[in-house]
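Below is one structure, written out as C-alpha cells, with a few remarks after it.
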Amino acid sequence: MEIEYKVNHPITASQYIELVNKTTLGDRRPVDNEATITGMLENSNLIVTAWVDEQLVGIARSMTDFHYCCYLSDLAVDKSVQSMGIAKYLILVTAESIAEDCKIVLLSAPKAEGYYPKIGFTEHNSAWVLSDVNALVLP
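The numbering of the sequence shown is my numbering, which starts it at 82 and goes up by one.
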C-alpha cells in the first residue's frame, strides 16, 4: 500500500468528518456541525494529510507562526491503517514545514497519553483551557 503525504492540500469538511469518525478523535470534535468543521479547516495554516489512492487516511492539522510555536490541534489516522507509522510521518512532515527550532505543542487525547512520550514528546503540566468566555473573571 502506497501512502502519499500532502501539505495544505484542500480537503472538504465531509472528508475530515469521515476520517475522524474512523478514529477516537471523532468523539471530541464537532462532527455534527459542518460549518464549524469548515471554519476549522479554512483557518488552519498548516495541514498535512495522508492518502491511499484518493482516500484520506490521516491528518495533522496545525495553527502556527512557523518560527516559534506550532499548535498541532488534530492528529488522526484511520483505525484500519494505524500502526504503520503514518502518525509519526505526519508529525515529521509538519516539523519539516516549520523552522528547525519551532516547538510543536499538542493536547493529548486521554487514550493517546502514553503514545507521545514514546515518539519523543515531553510532558508539560501547565496547559489551560477557557471553553466559555462567560467564565472569564474580569476586574
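Just so it is clear, CB atoms sit at the ideal spot from N, CA and C, and this is done for glycine as well.
Going by DSSP in three states, residue i sits in which element: helix, strand or coil?
i, result
"lysine 199", "helix"
"arginine 142", "strand"
Assuming residue i is part of the alpha helix (DSSP H), what are its boundary residues?
i, result
"tyrosine 170", "167 to 177"
"serine 95", "94 to 101"
"methionine 121", "115 to 123"
Kindly indicate which residue of the options has the alpha-carbon position closest to the one of residue i.
i, options, result
"alanine 94", "Gly139, Arg109, Arg110 and Thr119", "Thr119"
"asparagine 126", "Val162, Asp155 and His205", "Asp155"
"glycine 201", "Pro91, Ala208 and Ile172", "Ile172"
Under 8 Å, do residue i and residue j count as touching if we go by C-beta distance?
i, j, result
"alanine 190", "arginine 110", "no"
"leucine 153", "valine 186", "yes"
"histidine 148", "cysteine 183", "yes"
If contacts are defined as beta-carbon pairs under 8 Å, then residue i and residue j qualify, I think. What distance do you get, rounded to the angstrom?
i, j, result
"threonine 175", "alanine 141", "5 Å"
"glycine 139", "threonine 145", "Not really, about 18 Å apart at Cβ, beyond 8 Å."
"tyrosine 97", "tyrosine 170", "Wrong, their Cβ atoms sit about 19 Å apart, outside the cutoff."
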